[in-house]
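Below is one structure, written out as structure tokens; comments come after it.
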Amino acid sequence: MDMQQTSASDGRDARVLRLTANDLEHRVLLWSPENATDAVEPSRGVSESSREPSPSPSLPMVVLIHGFMDAAGTWERVGLALAAAGYRVAAPDMRGFGQGARAPKGGYYHFADYVFDLADILEAIAPNEPIRLVGHSMGGTVATLFAGTFPERVTRFANLEGLGPPDNDFDVAPVRMRSWIDQVRRSRRQRRGKLTFTREEALVRLKANHPNVPRATLEELLPALTTDEGEGRVSWHFDLLHRTTSPQPFYAKQLMAFARRITAPTLFVSGGPSGFHPADEDERLASFASHARLELADAGHMMHWTKPDALSAELIRFFRAP
Numbered sequence: 001m002d003m004q005q006t007s008a009s010d011g012r013d014a015r016v017l018r019l020t021a022n023d024l025e026h027r028v029l030l031w032s033p034e035n036a037t038d039a040v041e042p043s044r045g046v047s048e049s050s051r052e053p054s055p056s057p058s059l060p061m062v063v064l065i066h067g068f069m070d071a072a073g074t075w076e077r078v079g080l081a082l083a084a085a086g087y088r089v090a091a092p093d094m095r096g097f098g099q100g101a102r103a104p105k106g107g108y109y110h111f112a113d114y115v116f117d118l119a120d121i122l123e124a125i126a127p128n129e130p131i132r133l134v135g136h137s138m139g140g141t142v143a144t145l146f147a148g149t150f151p152e153r154v155t156r157f158a159n160l161e162g163l164g165p166p167d168n169d170f171d172v173a174p175v176r177m178r179s180w181i182d183q184v185r186r187s188r189r190q191r192r193g194k195l196t197f198t199r200e201e202a203l204v205r206l207k208a209n210h211p212n213v214p215r216a217t218l219e220e221l222l223p224a225l226t227t228d229e230g231e232g233r234v235s236w237h238f239d240l241l242h243r244t245t246s247p248q249p250f251y252a253k254q255l256m257a258f259a260r261r262i263t264a265p266t267l268f269v270s271g272g273p274s275g276f277h278p279a280d281e282d283e284r285l286a287s288f289a290s291h292a293r294l295e296l297a298d299a300g301h302m303m304h305w306t307k308p309d310a311l312s313a314e315l316i317r318f319f320r321a322p
């Protein structure tokens, strides 16, 4: 497993770590008490600069896993708050998103791939160390699968509306398989050219997908979600394959089997009525042996975007609880 720390920063006082995990190059943002400061306003551009030494490995580690069509950089405010509270914080760009690895030719993005990626990343940055794990949306599902596979690695688990999409019956699998093949074939033809947008066009699309998130917040987050292509145009930080539907339907009972193996205290955080709640949410939550529920009023599904300070305070309280 190859690991190299660069001198680049992404956002306010974050270091960028590039490492090889699961045979792909991954990018991880790191925040620590040594370089967390409240004196500087956030800016999510990447600049070259010398950074402070790596934080002491004796400090507890928190790992933040972002969701679908998101990126590590949008955790910035949460990462800084946790670092200021005395934690080492790591946020990887999950494969196919942000500046992380893309699936190799002939490859795809399955939940098992994300779990394997996470396992290798943690072996590199926190070997044999229990971690505090936070996962949002799709990242919460990935984190649940990881914590159920490696329960000894997780000492606290915060799931932010990440109990998975609606349940499916086995009968949909054959149709999904054929649809997936058709969609991937179309996507591969489209991948030959890069789609670019003006900054305003990108903001309009982002607002349409997240109507409850203030435009000012989206403007602040846009650099973390796009690549500057020059001449006032940007492209999205995700592989077009993510616009296809996975051949593997989601089965809630499978997720619940992993949840039952989790031994860490678990906090389920809801963004309120406007968040994402599967119809069988209560049943899925009951699979966790030790869990508590918390609602961040009016935060919505993208709670780390809309209420990062309130979310950070609750996470710190949860991590410090006896």
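The C-terminal residue of the sequence shown carries number 322 in UniProt numbering, and the numbering is unbroken. Using N, Cα and C, we set each Cβ at its ideal position, and we do this for glycine too.
In this structure, DSSP gives D113 a helical state, which the three-state scheme calls helix.
A contact between stretches requires three or more CB pairs, one per stretch, nearer than 8 Å, and the segment 249-256 meets this requirement with the segment 163-176. For secondary structure counted as the beta strand (DSSP E) over 3 or more consecutive residues, the segment 199-275 holds these complete runs in sequence order: 226-230, 233-236 and 266-270. Rounded to the nearest whole angstrom, the C-alpha separation of E129 and A313 is 24 Å. Looking at I125, F288, G139 and E220, the one whose alpha-carbon comes closest to that of E76 is E220. A direct Cα-Cα distance of roughly 6 Å separates V184 from T244.
Straight-line spacing of the CA atoms in F111 and V142 works out to 6 Å. Nearest Cα to G148 within the set A299, L17 and Q254: Q254. A91 is not a Cβ neighbour of A126, given a cutoff of 9 Å.
Where E283 is concerned, there is no enclosing beta strand (DSSP E), although the alpha helix (DSSP H) around it starts and stops at E281 to L285.
In the structure shown, the three-state DSSP call for P130 is coil. For F319, no pairing in a beta bridge is given by DSSP. Below 8 Å, too few C-beta pairs join the segment 199-215 and the segment 156-167 to call them touching: fewer than three. Sequence-distant Cβ neighbours of F258 in its own chain, meaning closer than 6 Å and more than five residues away, are T144, L145 and G148. N22 is the residue among R261, N22, T226 and L311 whose C-alpha sits nearest the C-alpha of V115.
Under the DSSP assignment, T144 falls in the alpha helix (DSSP H) whose first and last residues are M138 to T149.
Residue burial annotation: L17 is buried, with at least 16 other C-beta atoms found within 10 angstroms of its C-beta. Your pair H66 and H136 checks out as a contact, with CB atoms roughly 6 Å apart and the cut at 8 Å.
Annotation for R102: no alpha helix (DSSP H) segment contains it, and DSSP assigns it neither H nor E. Note: N35 is not bridge-paired with any residue in the DSSP secondary-structure output. According to the DSSP assignment, R188 belongs to no beta strand (DSSP E) but to the alpha helix (DSSP H) extending over A173 to Q190. Linking I181 to R102 through their CA atoms gives a straight-line distance of about 19 Å.
Distance from the Cα of F150 is smallest, within the candidate group A84, L122 and P273, for L122.
The three-state reading of DSSP puts M61 in strand, counting E and B together.
The criterion of a C-beta distance shorter than 9 Å is not satisfied by A297 and L311. Here G86 has P33 as same chain residues with Cβ atoms under 6 Å from its own Cβ, once five neighbours each way along the sequence are excluded.
When DSSP states are grouped into helix, strand and coil, E123 belongs to the helix group. By the CB criterion at 9 Å, L29 and D117 fall outside the cutoff. The three-state reading of DSSP puts P92 in strand, counting E and B together. Distance from the CA atom of L59 to the CA atom of R88, rounded to whole angstroms, is 6 Å. For E295, the uninterrupted beta strand (DSSP E) segment begins and ends at H291 to E295. Excluding five sequence positions before and after T263, the CB atoms of its chain that fall closer than 6 Å to its own CB belong to P151, given in chain order. Excluding its 5 nearest sequence neighbours in each direction, M177 has C-beta neighbours in its own chain below 8 Å: P247, listed in chain order.
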